[in-house]
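Visitor: With my numbering, letter number 218 in the sequence shown gets 437, and the count goes up by one each step, no holes.
Cβ atoms here follow ideal geometry from the backbone N, Cα and C, with glycine treated the same way.
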Amino acid sequence: GALAARWPGPPPRALGEMLIAALVPVAQTPPRGLWRAKGGVRNVLLSSWLGREMAPPAPDGADPVGQALVRRYLAAFGPAASADLRAWCGLAGLPAAVAAIREELVTFRDERGRELLDLPGAPRPDPDTPAPVRFLPAFDNAILGYHDRGRIIDDAHRGLSVAGERVVLVDGRVAATWTVDAGTVAVAPLGRLSPADRTAVAEEGRELASFLSDGESHRVSVAASPG
220 GALAARWPGP PPRALGEMLI AALVPVAQTP PRGLWRAKGG VRNVLLSSWL GREMAPPAPD
280 GADPVGQALV RRYLAAFGPA ASADLRAWCG LAGLPAAVAA IREELVTFRD ERGRELLDLP
340 GAPRPDPDTP APVRFLPAFD NAILGYHDRG RIIDDAHRGL SVAGERVVLV DGRVAATWTV
400 DAGTVAVAPL GRLSPADRTA VAEEGRELAS FLSDGESHRV SVAASPG
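#1: Does DSSP put residue 384 in a helix, a strand or coil?
#2: Between the stretch 418-433 and the stretch 364-380, are three or more C-beta pairs nearer than 8 Å?
#3: Say whether chain C places a C-beta atom closer than 9 Å to the C-beta of residue 262.
#4: Following the continuous alpha helix (DSSP H) through residue 296, name the residue where it begins and the one where it ends.
#5: Could you spell out where the alpha helix (DSSP H) holding residue 268 opens and where it closes?
#6: Can you tell me which of the three DSSP states residue 358 falls into?
#7: Taking Cβ to Cβ, would you say residue 430 is nearer than 9 Å to residue 385?
#8: Please report the distance separating the alpha-carbon of residue 319 from that of residue 273.
#9: Using the Cα positions of residue 244 and residue 236, report the straight-line distance between them to the nearest angstrom.
#10: Ends of the alpha helix (DSSP H) at residue 225?
#11: Can you list, in chain order, the residues of its chain with a C-beta nearer than 6 Å to that of residue 261? Leave out the 5 residues immediately preceding and following it.
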């Protein structure tokens, strides 16, 4: 009652979930995202999920968990800047973790002079490596994994990445959005697509339609390019 009186906007359940997440170490357990359905949020005490109590911070200020997080992030998203790491995880206290493992990392500079970090043995494909058409779901980490999303999406369309739009990659960049209705995958280009690109998008769209309909539909429509 007191919380609802102070913050009358959110529904009581959502307000309670936000309060618990802010004050109590919890883990969100499966199933949250269900196949073709929605599931409610289920939280469990983090100590129960891990099977042990949370370790207190190291007295020497070391952050082994933060260091592990940096390594795992770079394994998935490197090369990346420290700002990309912060944007992905939302944690501001990782500079010390990055500094602690810096000697084991390799560094690069992008075209703007930003320092990029990576693991020494991580794959770094040649820039000319073919990138086939791919349909991405909403909030995919291929986009949300970075603060500088210019590598994959034009600034004019950056808002799509946080609006829940599902996007299509052509040659590794966001070139269209897509929806599905009654078994038909509908593609809306954001700019001009070459005939070869339209064909590739349609072929991949048919595969997606089949997957989403358990093989009952191969329908896809690709709208005309804007302008």
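Guide: Walking through what the data contain:
#1: Along the sequence shown, read from residue 1 onward, the residue named residue 384 stands at position 165. Looking at residue 384 - three-state DSSP - the assignment turns out to be coil, as it is neither helix nor strand.
#2: no
#3: The chain inventory of the structure shown lacks chain C, comprising one protein chain alone.
#4: Position 77 of the sequence shown, counting from 1, holds the residue named residue 296. That run of the alpha helix (DSSP H) goes 283-296.
#5: Reading the sequence shown from its first residue, position 49 is the one you call residue 268. Residues 265-269.
#6: As a working note, residue 358 is residue 139 in the sequence shown. It is coil, neither helix nor strand.
#7: Residue numbering aside, residue 430 sits at position 211 when the sequence shown is read from its first letter. Residue numbering aside, residue 385 sits at position 166 when the sequence shown is read from its first letter. It is not a contact, given that the beta carbons lie outside the stated cut-off.
#8: Against the sequence shown, residue 319 aligns to sequence position 100. Against the sequence shown, residue 273 aligns to sequence position 54. Taking the straight line from one Cα to the other gives about 22 Å.
#9: Taking the sequence shown and counting its residues from 1, the one referred to as residue 244 is at position 25. Taking the sequence shown and counting its residues from 1, the one referred to as residue 236 is at position 17. Rounded to the nearest angstrom, the two C-alpha atoms are 12 Å apart.
#10: The residue you call residue 225 lines up with position 6 of the sequence shown. Per DSSP, residue 225 belongs to the alpha helix (DSSP H) from 221-225.
#11: To locate residue 261, count along the sequence shown from 1; it is residue 42. Around residue 261: 248.
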